[in-house]
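K.L.:
Numbering (the working numbering), first residue to last: 266 to 932.
The structure that follows is given in the form of structure tokens.
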């Protein structure tokens with residue numbers, strides 16, 4: 266009898282599923298592949314599972330295959346004998362055969378395609394590059410399933426490639442410093458979601474975060490002691506490259522320059538000022554002086570040292586939100602503008618950008634910036650990142666500039682994942698010609714850190730960035746949001762096992778709030794509350810300083826609160842059909858919330874808990890009589906009684922209000 270590592274458990278005739286929306290009811294793959302051919306059946310996994318690698322490739326595939334083995338073991342608990350993949354054709358009879366045509370280069374437009382054939386006794390992963398193979402391994406890991414007695418891979422045939430070549434995350438480490446371990450674990454998560462760009466926002470008003478040896482005062486005076494050494498930068502970049510991810514630095518100039526002005530006030534536009542690191546959020550006046558040589562000398566020193574640290578050719582210069590106040594108040598700058606026939610701040614900033622672009626080009630870099638930098642005078646190879654709206658992106662593409670979309674992907678604003686998911690960079694009815702459409706490179710989720718810390722940042726990035734990852738990788742026709750949510754259940758667990766703290770962090774905050782006591786009442790509250798959206802939590806940017814506590818109830822709440830989402834579906838089902846099953850589904854939630862205030866009172870009172878007691882009291886005061894009404898009892902409850910639930914409390918909103926009202930009206 267042949268010993269089989271992967272044994273076919275059950276196979277029927279292969280069924281081609283032409284409709285992706287049908288196939289993704291079978292597999293929990295994120296992002297959804299380009300082509301899926303499903304075979305009903307499964308293949309058992311045991312400790313003899315091995316990986317064999319053939320072809321011509323970069324050595325990063327060894328690390329990728331080794332990580333795959335460890336993650337597979339961690340996910341299943343199977344004691345897999347093979348510890349590492351270390352050489353070519355090491356196990357010719359291995360079940361997982363990886364075949365690669367050529368070494369991949371971590372660059373824009375590199376081939377990331379792969380094919381995956383999981384069948385009886387064999388798993389064959391083929392790719393043009395080792396980067397494509399890494400993407401295929403992520404898919405294979407998502408095909409792991411289980412029965413009562415065994416783990417197995419689901420059988421399938423996949424052909425896959427991304428829709429857009431630029432699929433990224435921008436992480437702001439200036440407003441709140443994010444140490445190396447936070448950066449690395451999120452790079453791991455990006456790789457799991459098949460994203461390929463990590464955009465590192467390293468300087469802003471609240472801090473300068475990268476070591477420049479020729480300009481030591483940047484970190485000595487502008488960082489509060491929180492910054493990355495050049496060796497740490499190299500380490501992070503190498504870590505990302507091993508995962509097929511590009512790293513793009515951003516130094517925001519000429520505005521957002523407070524931290525830089527603290528260190529070198531002589532290049533600011535208001536020289537008779539003692540600058541201090543900004544503690545609030547918002548748009549501030551400090552702006553570099555574009556009319557003096559010293560400004561460009563300092564910037565060239567920055568670029569000269571940063572260019573070798575980041576092998577990717579793209580270098581982001583920010584360029585956003587410059588209101589030009591210091592320029593308008595500086596007589597020398599105004600004189601310079603007249604002498605050079607620069608009519609307004611936009612033309613002056615274009616002058617600055619063109620000079621900076623020449624410096625970047627000298628060091629082999631291509632300029633990238635936010636959409637404010639887009640001006641006709643700029644070279645066409647400058648990449649525009651659109652944050653203010655799709656109109657700017659379309660205009661840039663029409664005029665020949667490459668561009669990426671971030672408008673609609675601002676995950677720091679705590680908007681629903683559905684909006685991100687349905688926000689397509691290139692709508693079907695777009696006005697672009699086929700040639701112009703090629704200028705739309707993709708998009709980036711943006712994680713601004715005014716209200717995020719190392720403790721909470723993962724919860725603000727994930728899982729919504731996975732939805733953005735699918736939007737940028739998968740076909741435009743893959744757009745069933747409810748189906749995405751089903752597939753995200755497993756992906757969330759995979760992220761947690763990978764080290765992402767988006768699920769576990771919440772209990773850390775709640776235990777602190779409850780002084781170590783039973784946190785279930787608080788968990789029940791976070792499941793129906795969400796942080797205020799947009800810029801309403803930190804009105805005017807002055808409600809919080811950077812060093813204030815971000816361990817409050819609002820920080821423990823996340824977008825798309827779990828019970829609120831489930832309750833919405835339960836209410837909709839009950840309204841459609843008043844049967845006993847649907848009634849019970851609704852009552853499960855009402856029973857929980859009808860005692861919310863009483864449950865919270867069992868905790869030892871403290872000032873933090875006292876502030877959120879009104880949330881529990883308001884919810885209980887509505888849900889208790891509503892539950893009685895569902896039970897056929899008399900209850901004093903009127904439509905106006907729901908109004909009190911609409912008012913925010915402690916920077917959160919109660920997000921079950923509308924569905925409670927709909928339920929009341931249906932009874």
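Note that CB positions come from ideal geometry on N, CA and C, so glycine has one too.
Nothing here was measured: the structure is a model prediction, and the numbers come from that model.
For residue 759, name the three-state secondary structure that DSSP assigns.
P.N.:
Position 494 of the chain shown holds residue 759. In this structure, residue 759 counts as helix in the three-state DSSP scheme.
K.L.:
Going by other Cβ atoms of all chains shown within 10 Å of its Cβ, with 16 needed for buried, is residue 357 buried or exposed?
P.N.:
Residue 357 sits at position 92 when you count from the first residue of the chain shown. Residue 357 comes out exposed.
K.L.:
Looking at the strands, I want to know which residues DSSP matches up with residue 754.
P.N.:
By 1-based counting over the chain shown, the position of residue 754 is 489. DSSP lists no partner for residue 754.
K.L.:
So is residue 314 buried or exposed if we call it buried at 16+ other beta carbons inside 10 Å?
P.N.:
On the chain shown, residue 314 is found 49 positions in, with the first residue counted as 1. Looking at its Cβ environment, which holds 16 or more other Cβ atoms inside 10 Å, residue 314 is buried.
K.L.:
Find the nearest neighbour of residue 360 within the set 374, 381, 377 and 340, judged by alpha-carbon distance.
P.N.:
Working through the chain shown from its first residue, we reach residue 360 at position 95. Of the listed residues, the one whose Cα sits closest to residue 360 is 381.
K.L.:
Of the choices 663, 537, 411 and 704, whose alpha-carbon is the least far from that of residue 373?
P.N.:
For the purposes of this step, residue 373 is identified with residue 108 of the chain shown, where counting begins at 1. Out of 663, 537, 411 and 704, 704 has the C-alpha closest to the C-alpha of residue 373.
K.L.:
Out of curiosity, what's the CA-to-CA distance linking residue 692 and residue 649?
P.N.:
Within the chain shown, residue 692 is the residue found at index 427, counting from 1. Within the chain shown, residue 649 is the residue found at index 384, counting from 1. One C-alpha to the other measures close to 18 Å.
K.L.:
Could you give the C-beta distance for residue 542 and residue 471, rounded to a whole number, given that I count them as a contact under 8 Å?
P.N.:
In the chain shown, the residue the question calls residue 542 occupies position 277. In the chain shown, the residue the question calls residue 471 occupies position 206. The Cβ separation is near 6 Å, so the contact holds.
K.L.:
Buried or exposed for residue 525, please, with buried defined as at least 16 other CB atoms from any protein chain shown within 10 angstroms of its CB.
P.N.:
Translated into positions along the chain shown, residue 525 becomes position 260. Residue 525 is buried by the Cβ-count criterion.
K.L.:
If you reduce the DSSP assignment to three classes, tell me which class residue 468 lands in.
P.N.:
Against the chain shown, residue 468 aligns to sequence position 203. If DSSP states are grouped into helix, strand and coil, residue 468 belongs with the strands.
K.L.:
Can you give the beta carbon distance from residue 508 to residue 577, rounded, assuming they're within the 8 Å contact cut?
P.N.:
Taking the first residue of the chain shown as 1, we reach residue 508 at position 243. Taking the first residue of the chain shown as 1, we reach residue 577 at position 312. Residue 508 to residue 577, Cβ: 14 Å. No contact.
K.L.:
To the nearest whole angstrom, what separates the beta carbons of residue 884 and residue 868, a pair I think is in contact under 8 Å?
P.N.:
Within the chain shown, numbered from 1, the residue matching residue 884 stands at position 619. Within the chain shown, numbered from 1, the residue matching residue 868 stands at position 603. Going by Cβ atoms, the distance from residue 884 to residue 868 rounds to 16 Å, so no, they are not a contact pair.
K.L.:
Shortest alpha-carbon distance to residue 537 belongs to which of 304, 600 and 595?
P.N.:
Locating residue 537 in the chain shown gives position 272, counting from the first residue. Out of 304, 600 and 595, 595 has the C-alpha closest to the C-alpha of residue 537.
K.L.:
Run through DSSP, which three-state label would residue 834 get?
P.N.:
Against the chain shown, residue 834 aligns to sequence position 569. Residue 834 falls in the helix class under three-state DSSP.
K.L.:
Taking buried to mean at least 16 other C-beta atoms within 10 Å of its own C-beta, is residue 758 buried or exposed?
P.N.:
What you label residue 758 is simply residue 493 of the chain shown in a count that begins at 1. Flag for residue 758 reads exposed.
K.L.:
Taking 7 Å as the limit between beta carbons, can you name the residues of its chain near residue 776, skipping five residues before and five after?
P.N.:
As a working mapping, residue 776 is identified with position 511 in the chain shown. Taken in chain order, the residues that qualify are 784.
K.L.:
Which complete alpha helix (DSSP H) runs does the segment 871 to 900 hold, if anything under 4 residues is left out?
P.N.:
List check, alpha helix (DSSP H) in window: 872 to 895.
K.L.:
Quick check: what's the CA-CA separation for residue 645 versus residue 679?
P.N.:
By one-based count along the chain shown, residue 645 stands at place 380. By one-based count along the chain shown, residue 679 stands at place 414. C-alpha separation (whole angstroms): 34 Å.
K.L.:
Is it true that the CB of residue 735 sits closer than 8 Å to the CB of residue 431?
P.N.:
Position 166 of the chain shown, counting from 1, holds the residue named residue 431. Position 470 of the chain shown, counting from 1, holds the residue named residue 735. No. Outside cutoff.
K.L.:
Can you round the beta-carbon distance between residue 443 and residue 436 to whole angstroms, since I take them to be within the 8 Å contact cut?
P.N.:
By 1-based counting over the chain shown, the position of residue 443 is 178. By 1-based counting over the chain shown, the position of residue 436 is 171. With 8 Å as the limit, residue 443 and residue 436 qualify as a contact, their Cβ atoms being about 6 Å apart.
K.L.:
Counting only the same chain and skipping the five closest in sequence on each side, list residues whose C-beta sits under 8 Å from that of residue 922.
P.N.:
As a working mapping, residue 922 is identified with position 657 in the chain shown. Same-chain partners within the cutoff: 907, 910 and 911.
K.L.:
Is the beta carbon of residue 385 sitting closer than 8 Å to the one on residue 343?
P.N.:
Stepping through the chain shown from its first residue, residue 385 is reached at position 120. Stepping through the chain shown from its first residue, residue 343 is reached at position 78. Contact flag unset, no.
K.L.:
In the segment 369 to 408, which residue ranges form an unbroken alpha helix (DSSP H) of at least 4 residues, counting only runs that do not cross its ends?
P.N.:
Taking only runs of at least 4 residues, the alpha helix (DSSP H) segments lying wholly in the segment 369 to 408 are 395 to 407.
K.L.:
Determine the extent of the beta strand (DSSP E) in which residue 708 is found, giving its start and end residues.
P.N.:
One-based indexing of the chain shown puts residue 708 at position 443. Residues 705 to 712.
K.L.:
At which residues does the alpha helix (DSSP H) containing residue 851 begin and terminate?
P.N.:
Within the chain shown, residue 851 is the residue found at index 586, counting from 1. From DSSP, the alpha helix (DSSP H) with residue 851 extends over 845 to 858.
K.L.:
When you compare only the Cα positions, how much space is there between residue 540 and residue 562?
P.N.:
Translated into positions along the chain shown, residue 540 becomes position 275. Translated into positions along the chain shown, residue 562 becomes position 297. Looking at the two C-alpha atoms, the distance is approximately 20 Å.
K.L.:
Contact check, residue 441 vs residue 718 under 8 Å by CB: the rounded distance?
P.N.:
Working through the chain shown from its first residue, we reach residue 441 at position 176. Working through the chain shown from its first residue, we reach residue 718 at position 453. Contact holds; Cβ gap of about 5 Å.
K.L.:
What does DSSP give as the partner residues of residue 634 in its beta bridges?
P.N.:
Counting from 1 along the chain shown, the entry for residue 634 is found at position 369. 649.
K.L.:
Please check if any C-beta of chain D sits within less than 8 Å of the C-beta of residue 422.
P.N.:
Judged by its chain identifiers, the structure shown contains no chain D, having just a single protein chain.
K.L.:
Look at the alpha carbon of residue 624 and the alpha carbon of residue 616, and state the distance between them as a whole number of angstroms.
P.N.:
For the purposes of this step, residue 624 is taken as the residue at position 359 of the chain shown. For the purposes of this step, residue 616 is taken as the residue at position 351 of the chain shown. Approximately 13 Å between the Cα atoms of the pair.
K.L.:
Within a Cβ cutoff of 7 Å, which residues of the same chain sit near residue 927, ignoring the five residues on either side of it in sequence?
P.N.:
Position 662 of the chain shown, counted from the first residue, corresponds to residue 927. Here the set comprises 836 and 840.
K.L.:
From residue 740 to residue 694, what does the alpha carbon distance come to, in whole angstroms?
P.N.:
By 1-based counting over the chain shown, the position of residue 740 is 475. By 1-based counting over the chain shown, the position of residue 694 is 429. Going by the C-alpha atoms only, they are around 15 Å apart.
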